[in-house]
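Let me begin by presenting the structure, written as structure tokens, before commenting on it.
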Amino acid sequence: MISGIVTDTHATVALTFLLPNGSTVSIEFVIDTGFTGELCLPLEAVSLMGLTFRHDTFANLADNSEVSLPLYEAVVLWDGTERDVLVIATGRRPLLGTALLDEQELVIQFIEGGLVTIDEL
Numbered sequence: 001m002i003s004g005i006v007t008d009t010h011a012t013v014a015l016t017f018l019l020p021n022g023s024t025v026s027i028e029f030v031i032d033t034g035f036t037g038e039l040c041l042p043l044e045a046v047s048l049m050g051l052t053f054r055h056d057t058f059a060n061l062a063d064n065s066e067v068s069l070p071l072y073e074a075v076v077l078w079d080g081t082e083r084d085v086l087v088i089a090t091g092r093r094p095l096l097g098t099a100l101l102d103e104q105e106l107v108i109q110f111i112e113g114g115l116v117t118i119d120e121l
């Protein structure tokens, strides 16, 4: 089970990245059920982490416009297991999308400091 907390009205969980240079880094993500991808990170973070560029991808935004964004590959620890993920380099806040929640149960106690859990179904 992955667990986190509600902070400032955002359900958050931390994921540990296994970086190409052999080090690890933990990043707190806001769970965004309106985002259908896996992860978003600011471009600066992606660059500092040395993630592998895959290709540009098109994203449909809330205003129905489409933009081209760089897509990177990464490895995270997901409930203790290494998992390959795709990271879109965009925005200011790390986001975790619904593609990572497939076949998972998400439970949020939606109060400040409330428990957030993601568990396999």
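Read left to right, the sequence shown gives residues 1 to 121 (full-length UniProt numbering). Just so it is clear, CB atoms sit at the ideal spot from N, CA and C, and this is done for glycine as well.
Exposed or buried, phenylalanine 110, counting other C-beta atoms within 10 Å across all chains shown (16 or more means buried)? So phenylalanine 110 ends up on the exposed side.
Option in Asp32, Thr90, Glu73 with minimal Cα separation from glutamate 82: Sorting Asp32, Thr90, Glu73 by C-alpha distance to the C-alpha of glutamate 82 places Glu73 at the top.
Assuming contact is defined by CB atoms lying nearer than 8 Å, are isoleucine 2 and threonine 98 in contact in what I supplied? Not a contact, by the Cβ cut-off of 8 Å.
Less than 8 Å between the C-beta atoms of threonine 52 and proline 20, yes or no? In contact: threonine 52 and proline 20 (Cβ atoms closer than 8 Å).
Out of curiosity, what's the CA-to-CA distance linking histidine 10 and phenylalanine 58? In this structure, the straight-line span from the alpha carbon of histidine 10 to that of phenylalanine 58 is close to 26 Å.
Measuring straight from C-alpha to C-alpha, what distance separates valine 25 and leucine 18? Inter-residue distance for valine 25 and leucine 18 is about 7 Å (C-alpha atoms, whole angstroms).
Integer-rounded CB distance, given that valine 13 should sit under 8 Å from phenylalanine 29: Their Cβ separation, rounded to whole angstroms, is 6 Å, which keeps phenylalanine 29 and valine 13 in contact under 8 Å.
Residue range of the beta strand (DSSP E) that serine 65 falls in? No beta strand (DSSP E) holds serine 65; DSSP gives it neither H nor E.
Straight-line CA distance for serine 68 to glutamate 38? In this structure, the alpha-carbon of serine 68 lies about 16 Å from that of glutamate 38.
Which partner residues of valine 46 appear in the DSSP bridge assignment? Note: valine 46 sits in no beta bridge, so no partner.
Cβ of leucine 96 within 8 Å of Cβ of isoleucine 5? In this structure, leucine 96 lies away from isoleucine 5, with their beta-carbon atoms at least 8 Å apart.
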